[in-house]
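Residue numbers (the UniProt record's numbering), protein chains in the order written: chain A, 1 to 509; chain B, 1 to 137; chain C, 1 to 116; chain D, 1 to 938; chain E, 1 to 89; chain F, 1 to 162. A virtual CB, placed ideally from N, CA and C, is assigned to each residue, including glycine. Take a look at the structure below.
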Amino acid sequence: MTLADQLVIAPVVLPAITAAVTLLVMRRRRHLGAGVSLIGCILSLLAGIALFAQAADGVIRTYPLGNWPAPFGIVLVLDRLSTAMLVLAGVLGVIVMIHALATGADRRGWHFHPLFQFQLLGLNGAFLTGDLFNLFVFFEVLLIASYGLMLHGQGAARLKAGVAYVIVNIVGSALFLIALGLLYGLTGTLNMADLARRVTEVPPGDAGLMRAAGLLLTVVFALKAAAVPLHLWLPRTYSATMPVVAALFAIMTKVGVYALIRVVPLIFGAGAGAAAWVPSPWLFPAALLTAALGFAGVLAARGLREQAAFAVMGSTGTVMLVLSDWTPVTTAAAIYYLMHSTFAGAALFLVADVTLRLRGQYGEAAVAAPRFAGQQATGFLFLAAAIAAAGLPPLSGFIGKLLMLRATADMPAQAAIWATILVTTLLAVIGFARTGSTIFWKAAAPGAAAITAAPLSRAAFLGPALAIAALVALTIAAGTASGWAVAAADQLFDTQAYITATLGSADGR
Amino acid sequence: MSMAVEALIALLILLGAAFVLIGSWGLVRLPSTMERLHGPTKATTLGLGALLIGSMIFFQARLGVWTAHELLICVFLFITAPISANMIAKVHLHRLRTGAIVEPNSIAGDPPHPGGEDDWATFEAPPPGPAATAADR
Amino acid sequence: MEFLVATAIAALVAGGVYLSLRGRTFQVVLGLTLLSYAVNLFLFAVGRLIVNRPPLYDKAVAEHTDPLPQALVLTAIVITFGMTALVVILSLRSFLESGSDQVDGRIEPDEIEDQP
Amino acid sequence: MTLLVLLALPFAAAVAIGLLARFPRSVHVAIAASASATGLALLLSRAQEVLAGAPIAVQVPWVPALGLDVSLWLDPLGLLFAGLILGIGLLVVIYAQGYLARAEATGRFLSFLMLFQGAMIGIALSSNLLLLLIFWELTSLSSFLLIGFWRDRADARQGARMALAVTGGGGLALIAGVLLLGQVAGSYELPAVLAQRELVQQSPLYPAILTLILLGAFTKSAQFPFHFWLPHAMAAPTPVSAYLHSATMVKAGVFLLARLWPVLAGTDLWFALVATTGLVTLIFGASVALFRDDLKAILAYSTISQLGLMVMLLGFATPAAAVAAIFHILNHAAFKAALFMNAGIVDHETGTRDIRRLGGLARLMPLTAIGGTLAAAAMAGLPPLGGFISKEMMLEQSAHTVALEQPWLVPALAAIGAALSVAYSLRYAIGLYVGRTRTGDVPAPHDPGALMLGPSSLLAVLALALGLLPMAIAGPLVIEAAAAVTGGASMKVDLALWHGVNVALALSIGAVLVGALLLSGYPLLERRVRAWKTPDAKRLFEHGLEALVAAARRMTLTIHAPSLQRALLMVFAVAALFAVDGAGVAGTIVTGDRATTPASMTAIIAWLLLLVATLAVVLMHRQRFLVLIFISVIGLVMALAFIHLSAPDLALTQIAVEVVTILLLLLALHLMPKTPRLLSGRGRRVRDGLLGLFVGGAAGVGAWAIMTRVQGDTISAFHWANSYAGGGGTNVVNVTLVDFRAFDTLGEIIVLGIAGLAIFALLEPAVRGVAGRRLRAWRSDMPHSPERHPVMFVMVTRLLLPIALLVGIYIFLRGHNQPGGGFVAALVFAIAILLQYLASGFDWTDERRKIGEHPLIAFGVLIAVATGLGSLAFGAPFLSSSFGYFHLPLIGEFELATAMLFDTGVACVVLGAVTMALAQLSHVAQRAARQPDDGGAA
Amino acid sequence: MIGTALHLAFAAVSLALLCNCWRLMRGPALGDRIVALDTMVINAIAIIILIGMIGETNAYFEAALLMAMVGFVSTIAYCKFVLRGDIVE
Amino acid sequence: MRKLLPHPGLSALLLVIWLLMANTLSVGALVLGAVFAVVLPRFTAPFWPDRPKVRFGRDLLVYTAIVLFDIVVANFQVAAVILFRRNRDLRARWLVIPLELDTPEAITVLAGTISLTPGTVSSDVSADGRFLLVHALDVPDPEAEIARIKQRYEARLQRVFA
Ligand code: NA
Ligand code: NA
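Shown next, in the form of C-alpha cells:
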C-alpha cells in the first residue's frame, strides 16, 4: 500500500491528532493551540482536495481498515460523492475556524478547538465509511461534538435548547441501532455493499421487516436532515447556539441528506423488493412541508439567526424534495444545491454573527438601531448571503434552483415541486428584504440608546467574505461543479460498480 | 468423580442456596428494618461461601483444575458486606432520628445514647482526629 | 426465552417512550435509560439467543453465540453512557441556569422571577 | 468580444466605484459616465452592421448540464434597448451629479446605478433565456437597492421592498414559464427557441407558458393589477425614477414581450391577455394620473398608462403595431426621462413636488419650462413631437382591431386613453409653468446649473426631433427593431407627422379636444373623483403582506413551540407509523422457523423482576430517588440476562457502567428537586401510554421475528474463524472490538472523550453567573446527617483502592482472551477512584491524584491513533494489528499484541472521561460556594 | 446428583429473588428497599456462580468478581445520598 | 523498607489476590504479582497515609479461624431464628460496646467481624470513636453478649494491632 493509498485515512486521523494536541496545548499556550487547530483544518481540507482529485477518475477506491477484507472488517469507500463532501466539510471548517479565531468566539468557553476538530472528524468519517454500523459511530461522534459546540458559550436559552437537541438526537440514535439490528438480523452483515447484495436475496417472508428497517433508517436520516415533522429541534437549536457554531452546523442537516443519498440508491434501490425506494412516498410530502415551513419561518423571522435557521431548514427541504424522485438527474441537482446551500446557510450565520457583535445590545434582532460601525459592509455581506439563501441570481443558488427545476420537469409532481420551489423563493425574498432593510437601512428614532459594543477587528469580516467567495466560486465554476454532481450521481446509481469495488466481485466473496 | 465428592458438592450447593433463600426470607418476614438488615449478611457469608466452595470443588472434580477465583469473590464480599450493612444502618438511624420513619413495632426501639459525651457519629460529626479519618484533616 | 426477551424489550420501550414524553428532564433521562436498555437488548437479540456458549474461541466448539452483535452492543453501551452522562449534566446545568427542569415549553412559576 | 466588454463595463464600473468608495465623488461620476459613454460608443460603432442585418453573437460555455451559457447577441431590438439604456444612463449620471447633495453617498448610488445598468444591458443582450432570467432578477435586486437608496425613509424602504416582491415574484413566474418554454422548444438559446413557434403554440403547455411569462412581463412593466409598486418606487431619488421608469426597468417587460413575440404572439390567448391588459392599464393609469398632485406620482401613473399602450400594441400582434410599439418605446424613453428630470429640477429648486403649490414658473425658470412643456407635449401626443406620431400610429392600429366582435370598442377605448393622456400632460405643463406664480418653499426659484438642465433639455430636444425628423433619426432603427420583434422581414414604414386625413387623425383630434375639455372641467371632476373611495393598492398590498407575515409568524410559533415533548412525540409517532407501513407488506412472516430456547424458572423470575421494576419506574417516576433503585434492579437483571445468554463481556460492562451511571444520577439529583410537580394531565398520560405500548409492541414483535428466524450466514463466522489465528485472541468479542472493528472502537472512545470535554465545558463555568448563584443558594430539601466520612467506609476504601487497581489490571490483561478488556478495566479504575471521592471527599482525593483527566483523554486518543498509524510504516492499512508470543526467562510464555496497545488508549480515554464527568459534577457545588458572589451576571 | 442440587439451588435462589423483589416494592422504609437491592446483588452473584457450574465454564468468573467488588458501591451511594444528599463532599 | 513497601500487609494481600486471579503458582505469575504488589501500594500510598502496625502472626491466624468458625455457627443459629422464631418472641437489642481499640483500622476490623457474624450488625461508631453501636437480632442477655464480643474479638484484635 503506497502512501497515496493511505491518504484516505487522513481526514479522520488528522482531526483526531489535532484535537488531542490542542487539548494538551490549549490550557497553557492559547495561541499555539489556536494555530495548531487552524493548521489542522487546513491540512484536513488539503487531504480532502487530494482525495477529491484521486476520485475524479471515476474509480471507486476502498481502504480495508485493519487489513481485514470487506465485508468482514470496516472499509472506507472513496468515490466522487464522499470526496466532494470531504472538500465541502473542509472548506466550511476552514472558513468557520477563521471566523471563530477572528472574533474570539473560541475563547467564549472551554474546549472549542478539540470539539471543533472532533466535529470535523465525525463528519469526515461519516462521509468515508462503507459500513453502516461505522456510520452510526461517526454519527455519534459528530453529534456529541455538535452538542459540545452547540452549548459553547452557554446561557439559559442555549442550555434549554441544547437539552432538547441532545435528547431528540439520542432517541434518533436509538432508532438507528434498532434499524441496524433488524438489518443485521435479517442479512447477517453490516457492510453497505454487502447489504446491497444481500437485500436482493431476502426471502419474501422477511420483506416487511426489511421495509421496516429501511423506514427506520429513513426516520434517523430525516431527523438529522430536519424533515417535517422531525424538524422541531432545528429552529431553536440553530438560533440559540452561537452563530459561528451554527455556521458549521449548516452542514449537519446535509449529513442526513448525504446518508439518504448514500444508502437509499445502494441498499434500498430497485432490487430491494418490498423495501425498494422505501423513503419515497413519505419523503416527498415531508420535504415539501419542510421547504414550505422553513421559508415561512424565513418570512416570519424577527432576527437574523432565527431566519438563518429556517433558511437552512427550508433549503434542506428543497434538496430532499428534489431528491425524493431518486433518479440520477434529480440527485445530481440535489447534490449541487446541497453544496450551495451549505455555504449559503453558513454565510447567513456568519453575517448574523458580525451583525450581532457590531450592534451591541441591539443584536441581530430585526429592530432599528442607531447607525453602527461597519454597517455598510455588513449590509453588503448580508445582501449577498440572502441572495444566495433565497436562490436568486447571480449566485449559485439560482443555478442550483434552475438545475432542480429542470431535473424535476418530467416528474408527475412537477407542478407541486415547481410551485414549492418558486413560492418559497418569493417568501425568502420578502423575508430577507424585511429583516435586511430593517437592520441595515432603518435608523433608530433619535434618543435611542447608543450602541455599546466591543470594537470588532476587520478580520471579523473575513469569515463571511470567504463564505460568499465560496459561493461565487461555486457560481463561476457552476459548469464544472454541476458536471461533478452529475458524475457523482451517475456513480451513485451504478450500484454494481460500488459492490464490485468493495467486495471484489459483484456477488461478493 | 467419587460419589462422596459429588455428595459433598451437592450438599454445599444446597446448603449455600438454602442460606441464600433463608436470608431473603428473613428480609420478607422480619418485623422492622434493622432486623431485616441481618438477612443479607447471612446470604453473603455462609450462603455464598458454601456455594463458592462447592463451585471450587466442582471445577476441581469436573475439569481437574483448582480454581481459586471463588475464594477471591469471598474475600471481596467479606470486605464489602459489612460496609453496606453499616451504611444502611446509618440510613435507618438517621431517618429514625429525623422522623422520616416511625417504627412503632420495632423491637429494639431507638438506639441508646453511647456512654461518653458524644453522640453516635450519624447524629454528631466526629471531631477531627484519628478516629475521624484523615479526610477531615 | 425468546418470548421473555421480546416482551422485556417491549416493556422497556413502552416505559421509555412514556417517560421520555413527560415534561421534565430527569424523567426524560430515565426514559432514555430504559430505552437504551431496550435497544441494547434488541441489538444483542438479533444475534439469536444461545445459552451457555460464550464467544470464547475454541477449536473444539462448534456451536457458539454470534460475537458480532455483542461487540456492537458494547460499542453502543459505551456511546450511550457518554450520551447519558452528557445529558444528565446538561439537564442539571440547564436547571441551574433557568431554575426549572421543565422541557415541555411551558414556564414554571418560579422560573420567571429567577430570570436574570 | 464587443458584447462581453459591453456587458462587463457597467459591472466593472460598479465594482470600481465600490472599491474606490473613499475617493471624491467626481471620481465616481467620472467612472460611471465614462463607462456609459464607452459602452455607448462601442455600441454605436457596431450599429451599422447590426442594422445591416448582421447580428453579432458570442457564446461562452458556462453550465452545460443546464443549457445555460453566456450567449450574447446584438440584434436591432437589442441595439435599440442597449442604446436607450446606455444613452439615458449617461444623461442620468450627469444629471445625478447635479441633483444629489454633496452629503449624499454618491459613490454608493452610482455603484448601484451601474449594477442596474449592467443587469439591463444583460437583458438586452442575452440570447440565452436562462441567462436572461439571471439578468432579469438582477434588475429587480439592483432596483431594490436604488429605490431604497434613502434608507432612512420608511417610504423608500417600503417602496423598495414592494418593488422587489412584485417584480421579483413575477420573475419567479417567468422562471417557470421560461423553463417550460425551453422544455417544449428543446433549447434555451433564443434563436432556436424563436424558431419553434408551431411547436410551442400547439403544445398543451402553451397556456401555462404564456401565462407564466406574461406574469413576469406584466409585473415588471407595472401592468394592471400589478402596477401598484411603481408609484411607490418614486421614493427613490429622481435620477433613479428617470432611469428606471423611462427607458429601463419597466421597459424590460415590454422588451420581453417583444423578444418572445415570434414564438408566443399571434394566438387568441395572446391577444386576449396582452391587448386587454395593455388597454385596461392604458386607461386606468391615465385616469389615475390625472388626479394626482405629486409631480412624480403624475409621471408614475402616466408611465403605467404609457406602458399599457405599448403592451396593448404588442398584444395586437401585427407587424405595424410592432413598429408603433417600438417607436413609442423610443419616444417614451425620451420624453419620460426628460419629464422626470424636469420634475426633479422643480423639486430641487422649489422644495416641493406638489403641483397645487406650484404655478407660473415659466417666468422664473424659463429654460426648465421650455424643456418641460416640450416633453409634456410629446407625452400628450401633440404635433410636431415624436409622441404625436406614435400616438397616431397607435390609434390607427386600434381602429383596425376588433374585440368581442365590436369594431368600435378598441378604438373608442384607445381614444379615451389618449384623451386622458392629453389631459394629464397638459395639467402638468400648465399647472407648473402657467398661471399665478406659486413657488413652493422657496421665494425665488431659478433655473438649475448645466449638469441638471443639460440632460433634460437634450432629451426634450430629442423628443422634438423625433417628431420633426423621425425617419432620419430613428427610421432604420425602428424598422429593423420591429422586424426583429416580428421575426419577419423589414417593413416599409414611413414615420411622418402627416399621413393625410384618416381615422387616426380624427381620433387624435378628438382626443386632444376631449382632453382639453377634461382639463377645463378639472375642478368639478376632481371633487367628484376625490369623493370616491378608491381602494389603495399599496395599503392592500402592505396589509396583505402583514397578514401573511403575521400568519406565518403565528404558524411558526405554534408549530415550533419550545417543547421537547412535541419533538419526541413526532419521532415516536413517525416510527410507529413506519412500523405499520413495514408490517403492511403482504406475506411477511412474524414467527420464523427457529426453535425457541426453553426458559428456566430463574429466567422467568428475573423477567418478572424486570417487568415489575420497569412498571415501578413508570408509575413512581416522580419519586426520583426511588426510581433510581428500580433502575438498578433493571440493570442487575440485564447483567444476569447477558450472562445467561452467553455474553460475559456485556455483563461485565453492564455491571460497571451501571454503577457509574447511578453515581452520576445521584450526583445530579442532589442538586435537583426530588419529587417535582406532576405536569401532564390524565388524557396526555393515557395518550403517551398507548403510544408507548404501541411502539414497545412493535419493537417486541420485531425482536421476536428476528430471534425466531434461522440465522443465515453472517460475517461474524469469519470473525470467529479468524479471531485466534488472525487476531491473536480467543475472546472473539474483544478481538472484534480491538481488531476487526477497531475503527468503531476508535470512534467510540472519541465519543466518550468528547463527552468528557463537553461535560467539563458545561460544569467549569457553572459556578459563576446565575447558575453559580443558584448553587450557592441551594439548600438541600432533605435533613442531613452531620457525619461526612464514615470511618468504616473510609478505611475499607483505602484497602480497596490498590486491590481494585490490581483487578482492573488483571481484567485488562486478560481481555484479549477472556472476558474483559480496556473499557471494563478503565471503569474498574474509575470506580476505585470514585470510591475514594465518595469516602474521603473531593478535596482530599483530588490533591492525591497524579494524572489529570485532560491529558488522559488526549494521550488516550493519541495512543490509539498512533497504534493504528504504526501499521502504515509496514505498508499495511490503518489499525492493522500484529501479535506474537514471546518467551522470557522466569516469566515464561506470554503474548504481546498491538491491539493491547490500542486497548491501552481506550482505557486512558475511558478513565479520563468517566472521572472527568463524575469528579467535575461532584464538586461543582463546593466550587460555587468558594466563588465570590458576582451578583449573578453571567 | 449435582444436577438435581443445582436445579434445586436455582429454584431456591430464584425464590430468594422474589422475596427481595417483594421487599423492594413493599418498603416501607428507604432502608428496606436498599437492603433488598443489596441482597439482590448478592443473590445475583449466586446465580452467576450457579450458571457457571451448569455450563461448566469459567467464563463468568470476572462478572461475579466485578459484581462482588463494585456491587456495594451503588448501595453505599444510595445510603450516602440519603444521609448527606451530596455523595461526594 | 517503609519507602519501598508502605503497607507490607497490603503488598502480601495483593500478591495473594494476584495469584488467586491468575489461578496459578507459576514463576511468571509470581514475578508479575510481586511487581504489582510493590508498585500498587506505592502508587496508592497517598490514599492511605496512616501506617497501622499490624502483627502478622499467630494471633491473626487464630482470630481468623475463630471468626470463620463463629460465622458458620451463627449462620445456623440465625437461620433457626428466621425460620422458627415468631416475630413477637424476637429479642432484638441494641448493644453499646465500649471500645479499647483506638485506630480506625482496628475499629473497622472489629466492626466488620461483628457484621459478618450473622445476628449482629455494626451500625454506628460514636463521634468520639469510643463506642460501637451494634444491633443484635436475638440476644437474651445484652451484657453477656457485649462481654463476649469484647473478649472474643476485641481482646484478640488489640494484640494484632499493637
Ligand atoms: Na446514543
Ligand atoms: Na447496582
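The beta-carbon of V137(A) is placed less than 8 Å from the nearest beta-carbon of chain C.
Excluding residues up to 5 positions away in sequence, A338, G371, L374, A375 lie with their Cβ nearer than 6 Å to the Cβ of A460(D) in the same chain. Between Y184(A) and R61(A), the alpha-carbon positions lie close to 25 Å from each other. Contact between the region 332 to 343 of chain A and the region 376 to 383 of chain A is absent, with fewer than three C-beta pairs closer than 8 Å. Interface flag for N40(C) against chain E is unset, since no Cβ pair is found closer than 8 Å. When Cβ-Cβ separations below 8 Å define contact, I2(E) makes contact with chain B. By the rule that beta-carbons nearer than 8 Å mark a contact, P598(D) touches chain C. At a beta-carbon threshold of 9 Å, the residues of chain D lying near K90(B) are S785, E787, P790, ordered along the chain. Within the same chain, F112, L115, F116, A119 come within 7 Å of S142(D) by CB-CB distance, once the 5 residues on both sides are set aside. Rounded to whole angstroms, the gap between the alpha carbons of G374(A) and F138(A) is 40 Å.
The Cβ neighbour count for S122(F), taken over all protein chains shown within 10 Å, is at least 16; the residue is labelled buried. Secondary structure in the region 113 to 154 of chain A: the alpha helix (DSSP H) runs of 4 residues or longer, each lying completely within the stretch, are 132 to 150 in chain order. The way I'd put it, the region 439 to 457 of chain A does touch the region 355 to 363 of chain A; three or more beta-carbon pairs between them come closer than 8 Å. Identification of chain E residues near L56(C) by a Cβ-Cβ cut-off of 7 Å yields A59, ordered along the chain.
In this structure, R93(C) places its C-beta atom within 8 Å of the C-beta atom of L159(A). For the options L269(D), I304(D), S287(D), the alpha carbon positioned closest to that of P231(D) is the one of I304(D). Checking the DSSP bridge columns, you'll see T62(A) partnered with V77(A). Here I643(D) is buried, its C-beta having at least 16 other C-beta atoms within 10 Å. If only complete runs of 3 or more residues are kept, the region 64 to 148 of chain F shows the beta strand (DSSP E) at 93 to 98, 120 to 125, 131 to 136, in order along the chain. By the Cβ test, the region 72 to 91 of chain F is in contact with the region 30 to 41 of chain B, since at least three Cβ pairs between them sit closer than 8 Å. The beta carbon of V794(D) lies closer than 8 Å to those of A839, S840 in the same chain, with the five residues before and after it left out. Secondary structure in the region 457 to 484 of chain A: the alpha helix (DSSP H) runs of 4 residues or longer, each lying completely within the stretch, are 462 to 476 in chain order. Contact annotation: A864(D) and F883(D) have beta-carbon atoms that are not nearer than 8 Å.
Residue-level contact check: E748(D) touches chain A, since one or more beta carbons of chain A fall below 8 Å from its beta carbon.
The beta carbon of G55(E) sits no closer than 8 Å to any beta carbon of chain B. Spanning the alpha carbons of A164(A) and P676(D) requires a straight line of approximately 19 Å.
Note that the C-beta distance between A899(D) and M1(A) is not below 8 Å.
8 Å or more divides the Cβ of A121(B) from the Cβ of I2(E).
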